[in-house]
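Data first, discussion second: the structure below is written as structure tokens.
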Amino acid sequence: KKSKDPGSFMIPMIIGALPMGKALLDLGASINLMPLSMMRRIGGLEARPTWMTLQLANRSIKYPHGVVEDVLVKVDKFMFPVDFVVMDMELSLILGRAFMKTAKLILNVDDRKLKVRVQDEEVNFNVFEAMQYPNDKNDCMRLDMLDDVIFSASSQIQSLIPLEKVFIEAFECLNNEEEKKIEACLKNLDLK
Numbered sequence: 010k011k012s013k014d015p016g017s018f019m020i021p022m023i024i025g026a027l028p029m030g031k032a033l034l035d036l037g038a039s040i041n042l043m044p045l046s047m048m049r050r051i052g053g054l055e056a057r058p059t060w061m062t063l064q065l066a067n068r069s070i071k072y073p074h075g076v077v078e079d080v081l082v083k084v085d086k087f088m089f090p091v092d093f094v095v096m097d098m099e100l101s102l103i104l105g106r107a108f109m110k111t112a113k114l115i116l117n118v119d120d121r122k123l124k125v126r127v128q129d130e131e132v133n134f135n136v137f138e139a140m141q142y143p144n145d146k147n148d149c150m151r152l153d154m155l156d157d158v159i160f161s162a163s164s165q166i167q168s169l170i171p172l173e174k175v176f177i178e179a180f181e182c183l184n185n186e187e188e189k190k191i192e193a194c195l196k197n198l199d200l201k
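Residue numbers for the sequence shown follow the working numbering, so the first one is 10 and each next one is one higher.
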């Protein structure tokens, strides 16, 4: 039976204390890329100059800002040292084959699972459920109002729980005041 293109694969991650959202896993990339704006937002990182040139898919040549080495990247409960090529670009983080090898990453497209391993421990992600987006591009979602409530609730959850479960289980940790804030936000969304 023929299958549809599963699209791109992304993985949630944290650098330092800053949640970076989801980084793109690119099997075709031999390097890891970080936007210059993200490097500045993280702070404390120094890019060492490089003579490297990159040829992009559209055949254009780009010159990186530099290279930052041994950046500690947290994927769920695991920390990995990652070297990034820093570029002035608008994209999110791109993790290439070097990261995938370091993280002993296994992607099973058939089971829709992505596994990250360190020694005898592993963390699993369902990459397709976690990456679904609305099909109608004309829809407008207002999630920014809930960010503060979600982040305060998620900080109460133990770090050993996989990141993909945070949004499901975070609501179990809410106090009455936070529940009222969420209800108010949801009512506000229904009115619009």
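Even for Gly, the Cβ is constructed at its ideal location relative to N, Cα and C.
Predicted model, so just to flag it, every value in this text is computed and none were measured.
Three CB pairs or more closer than 8 Å across the stretch 105 to 116 and the stretch 53 to 60:
no
Opening and closing residue of the beta strand (DSSP E) in which M98 lies:
Taking the sequence shown and counting its residues from 1, the one referred to as residue 98 is at position 89. Counting along the chain, M98 falls outside any beta strand (DSSP E), and DSSP gives it neither H nor E.
In angstroms with no decimal places, state the Cα-to-Cα distance between L33 and G105.
Here residue 33 refers to the residue found at position 24 of the sequence shown. Here residue 105 refers to the residue found at position 96 of the sequence shown. The alpha-carbon atoms of L33 and G105 are separated by roughly 8 Å.
Counted within 10 angstroms of its Cβ, other Cβ atoms place K42 as buried (16 or more) or exposed
Taking the sequence shown and counting its residues from 1, the one referred to as residue 42 is at position 33. Position check: residue 42 holds Leu in this sequence, whereas Lys was assumed. Result: buried.
In or out: P73 buried (at least 16 other Cβ within 10 Å) or exposed?
Residue numbering aside, residue 73 sits at position 64 when the sequence shown is read from its first letter. Looking at its Cβ environment, which holds 16 or more other Cβ atoms inside 10 Å, P73 is buried.
Between which two residues does the alpha helix (DSSP H) containing R106 stretch?
Taking the first residue of the sequence shown as 1, we reach residue 106 at position 97. 106 to 111 is the extent of the alpha helix (DSSP H) around R106.
Taking 7 Å as the line, does the beta carbon of K71 fall inside it for any heavy atom of the ligand MG?
No copy of the ligand MG occurs in the structure displayed, which carries no ligand at all.
Please name the residue or residues paired with V77 in a DSSP beta bridge.
Looking up residue 77 in the sequence shown gives position 68. Looking at the DSSP assignment, V77 forms a beta bridge with F93.
Can you say whether M88 is buried or exposed, counting buried as having 16 or more other CB atoms within 10 angstroms of its CB?
Numbered from 1 along the sequence shown, position 79 holds the residue referred to as residue 88. The residue in question, M88, is exposed, as its Cβ has fewer than 16 Cβ neighbours within 10 Å.
So what does P124 bridge to, in DSSP terms?
Along the sequence shown, one-based indexing puts residue 124 at 115. Per the sequence shown, the amino acid found at residue 124 is Lys instead of Pro. Answer is I115, N133.
In this structure, does DSSP put M22 in helix, strand or coil?
Your numbering for residue 22 matches position 13 in the sequence shown. M22 falls in the strand class under three-state DSSP.
According to DSSP, is R50 part of a helix, a strand, or is it coil?
By one-based count along the sequence shown, residue 50 stands at place 41. Helix, per DSSP.
What's the gap between the Cα of D35 and the Cα of F18?
By 1-based counting over the sequence shown, the position of residue 35 is 26. By 1-based counting over the sequence shown, the position of residue 18 is 9. About 8 Å.
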